[in-house]
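For reference, the structure discussed in these notes is given below.
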Amino acid sequence: MKKKITSGILLTIASLGILGCADQPADPPEKAATQIETSVETKTEGNAKAVEAAQISSDDRTMSSTKKISDARNTPAVRVAKTVGPAVVGITNRAIARDWFNNPVQTEGVGSGVVFRKDGYIVTNNHVISNANEIIVSLSDGRTLQGTLVGTDEATDIAVVKVDATDLPVAEFGDSDDIVVGEPAIAIGNPMGLEFQGSVTVGVISALNRTLDLIDQRVKLLQTDAAISPGNSGGALANADGKIIGINSAKLAANGVEGMGFSIPINTVKEIIDELMSKGYVARPYLGVTIFDKQTAARYGYQLNIDKGVFVFQVALDSPAGRAGLSRGDIILKVDGKEVNSVKETRLIVSEHKIGDKVKIEYDRNGQIFDIDVTLREMPRNN
Numbered sequence: 005m006k007k008k009i010t011s012g013i014l015l016t017i018a019s020l021g022i023l024g025c026a027d028q029p030a031d032p033p034e035k036a037a038t039q040i041e042t043s044v045e046t047k048t049e050g051n052a053k054a055v056e057a058a059q060i061s062s063d064d065r066t067m068s069s070t071k072k073i074s075d076a077r078n079t080p081a082v083r084v085a086k087t088v089g090p091a092v093v094g095i096t097n098r099a100i101a102r103d104w105f106n107n108p109v110q111t112e113g114v115g116s117g118v119v120f121r122k123d124g125y126i127v128t129n130n131h132v133i134s135n136a137n138e139i140i141v142s143l144s145d146g147r148t149l150q151g152t153l154v155g156t157d158e159a160t161d162i163a164v165v166k167v168d169a170t171d172l173p174v175a176e177f178g179d180s181d182d183i184v185v186g187e188p189a190i191a192i193g194n195p196m197g198l199e200f201q202g203s204v205t206v207g208v209i210s211a212l213n214r215t216l217d218l219i220d221q222r223v224k225l226l227q228t229d230a231a232i233s234p235g236n237s238g239g240a241l242a243n244a245d246g247k248i249i250g251i252n253s254a255k256l257a258a259n260g261v262e263g264m265g266f267s268i269p270i271n272t273v274k275e276i277i278d279e280l281m282s283k284g285y286v287a288r289p290y291l292g293v294t295i296f297d298k299q300t301a302a303r304y305g306y307q308l309n310i311d312k313g314v315f316v317f318q319v320a321l322d323s324p325a326g327r328a329g330l331s332r333g334d335i336i337l338k339v340d341g342k343e344v345n346s347v348k349e350t351r352l353i354v355s356e357h358k359i360g361d362k363v364k365i366e367y368d369r370n371g372q373i374f375d376i377d378v379t380l381r382e383m384p385r386n387n
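Numbering (this note's numbering), first residue to last: 5 to 387.
Written as structure tokens, this is what we have:
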């Protein structure tokens with residue numbers, strides 16, 4: 005017999021303290037350590053209540069749009085709620101898990117999404133629809149439709165879902181390269197589930213090009229203090245002009261820390277969407293090496309005695325690096341003329357290139373320095 009439970013999705017970095025110190029014991033629950041919360045919230049009620057909430061939200065927008073308000077009250081947040089709000093949807097992920105006794109258990113998680121084409125194409129986070137057996141999309145007008153996964157990219161946490169509908173309200177994408185720190189940022193999504201569908205929170209862009217050492221990310225993120233709660237994942241981050249500048253993805257939670265949310269820049273999202281729409285996955289260049297820095301080596305029980313660079317632990321057969329002549333034991337010092345001292349730095353430099361590009365690698369082999377050109381190829385799908 006199938007049982008039904010509810011589950012949220014939470015990435016917890018228990019071994020990292022607030023200051024990012026590694027390898028210290030995890031704090032007990034009452035002393036929550038720094039965490040990255042991927043903002044997917046458990047579905048707590050049935051579809052009827054969710055549809056009712058969506059209808060109320062839609063009615064509220066309709067009522068407010070028919071009223072004339074003063075210029076003082078007609079703030080950017082009000083205008084964005086009217087224009088962007090209808091394009092933000094709820095996404096329910098129904099999956100089957102196994103309990104402690106290996107019995108099948110149905111789980112449900114809820115996130116958000118943004119309609120970017122009126123014929124039913126929606127962008128959301130990969131972690132919102134991960135491992136889903138069934139995807140249910142709740143529109144702002146109260147309709148509930150079956151969703152089909154078009155493609156997903158775990159590395160950037162982006163996915164595209166399709167519903168069978170036409171003439172849907174669409175959000176307009178902006179230019180995330182044009183953002184400045186301090187400008188208004190408006191987040192729209194479903195915090196705490198569909199009962200609060202279409203909630204609007206307001207803040208500013210706190211910082212640009214953030215990297216979080218707590219998660220294995222391949223994109224730079226926007227930081228905002230607009231409240232991003234569980235359930236907001238996949239929702240919209242808009243500017244004062246009503247254009248989408250990011251897709252909300254995560255928030256930093258720690259003792260005494262509030263107002264640190266993170267969003268994937270929309271220019272990155274647009275590139276990922278194009279690839280997912282054309283072939284269902286994202287093709288990336290790769291070197292074909294397993295590399296260690298001091299931290300990664302320690303994580304796997306190795307002691308790495310190097311002052312700089314990254315250690316080549318393994319070279320894949322017939323890989324770009326293997327063809328160019330790199331071997332186990334080499335120490336990569338520079339990629340494209342840029343010094344690399346961590347796995348993340350190396351990955352980011354390679355990810356900035358396209359398949360077929362040549363990159364120059366400077367490496368140390370037994371105390372001698374060498375240069376080689378490596379032609380990047382497409383990373384195998386199972387890599």
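All C-beta atoms, glycine included, are put in the ideal place defined by N, C-alpha and C.
Checklist entry - According to the Cβ coordinates, are Phe315 and Ile335 closer than 8 Å? => result For Phe315 and Ile335, yes; Cβs fall inside 8 Å.
Checklist entry - What is the DSSP secondary structure of Asp181, reduced to helix, strand or coil? => result The answer is helix: DSSP assigns Asp181 an H, G or I state.
Checklist entry - Can Asn137 and Ile100 be called in contact, C-beta distance under 8 Å? => result Ile100 sits close to Asn137, with the two beta carbons spaced by under 8 Å.
Item to check | Ile192 versus Tyr306 - alpha carbon distance | outcome: Distance between the alpha carbons of Ile192 and Tyr306: 45 Å.
Next on the checklist: Let's test the definition: count the other Cβ atoms within 10 Å of the Cβ of Ile73 and tell me whether it reaches 16, buried, or not, exposed.
Outcome noted: Ile73 sits exposed, since fewer than 16 C-beta atoms from the chains shown fall within 10 Å of its C-beta.
Checklist entry - Is DSSP giving Gln201 helix, strand or coil here? => result Annotated three-state conformation of Gln201 is coil, per DSSP.
Item to check | Element boundaries [beta strand (DSSP E), containing Val128] | outcome: Reading off the sequence shown, one finds Thr at residue 128, where the question assumed Val. Residues Tyr125 to Thr128.
Checklist entry - For the beta strand (DSSP E) that Gln110 lies in, which residues bound it at each end? => result Residues Pro108 to Arg121.
Checklist entry - Using DSSP with H/G/I as helix, E/B as strand and the rest coil, what is Arg98? => result Note: Arg98 maps to strand in three-state DSSP.
Checklist entry - In angstroms, rounded to a whole number, what distance separates the CA positions of Glu112 and Glu349? => result Cα to Cα, Glu112 sits roughly 36 Å from Glu349.
Item to check | Whether Val2 touches Ala91 by CB criterion (8 Å) | outcome: The displayed coordinates of the chain run from 5 to 387. Any statement about residue 2 would go beyond what the structure contains.
Item to check | Cutoff 6 Å; reference Asp361; Cβ partners in own chain excluding five residues on either side | outcome: In its chain, beyond the 5 residues on either side, Leu380 have a beta carbon closer than 6 Å to the beta carbon of Asp361.
Item to check | Segment contact, 8 Å Cβ cut-off, at least three pairs: the stretch 337–345 with the stretch 361–375 | outcome: Using a Cβ-Cβ distance cut-off of 8 Å, the stretch 337–345 and the stretch 361–375 are in contact, since at least three pairs of beta carbons, one from each stretch, lie closer than that value.
Checklist entry - If we cut at 8 Å on Cβ distances, does Leu380 have a partner in chain B? => result Among the chains in the structure shown there is no chain B, since it carries only a single protein chain.
Checklist entry - Which residues bound the alpha helix (DSSP H) around Asp168? => result Segment: none, Asp168 is in no alpha helix (DSSP H) and carries neither H nor E.
Next on the checklist: Between Leu226 and Gly250, how many whole angstroms is the CB-CB distance? I'm expecting something under 8 Å.
Outcome noted: So it is a contact: roughly 5 Å between Cβ atoms.
Checklist entry - Counting only runs that start and end within the stretch 305–355, where is the beta strand (DSSP E) found for 3 or more residues in a row? => result Within the stretch 305–355, the beta strand (DSSP E) runs of at least 3 residues that lie entirely inside it are, in chain order, 314–319 and 335–339.
Item to check | Member of Gln110, Thr96, Met383 and Ser267 whose CA lies at the smallest distance from the CA of Asp229 | outcome: If we check each option's Cα against that of Asp229, Ser267 comes out closest.
Next on the checklist: According to DSSP, simplified to helix, strand and coil, what is Ser142?
Outcome noted: Residue state, collapsed to three classes: strand.
Next on the checklist: Bridge partners for Ser74 per DSSP, in chain order?
Outcome noted: Bridge partners of Ser74: none, in fact.
Item to check | From Thr87, Gly155 and Asp181, residue whose alpha carbon lies closest to that of Thr269 | outcome: In the sequence under discussion, the amino acid at residue 269 is Pro, which differs from the Thr named in the question. Answer by Cα proximity: Asp181.
Next on the checklist: Please tell me whether Val3 and Val165 are closer than 8 Å, where the distance is taken between their beta carbons.
Outcome noted: Beyond the ends of the chain as shown, which are 5 and 387, falls residue 3; an answer cannot be given.
Item to check | Host beta strand (DSSP E) of Val286 (start-end) | outcome: Premise fails: Val286 is in no beta strand (DSSP E) and is neither H nor E.
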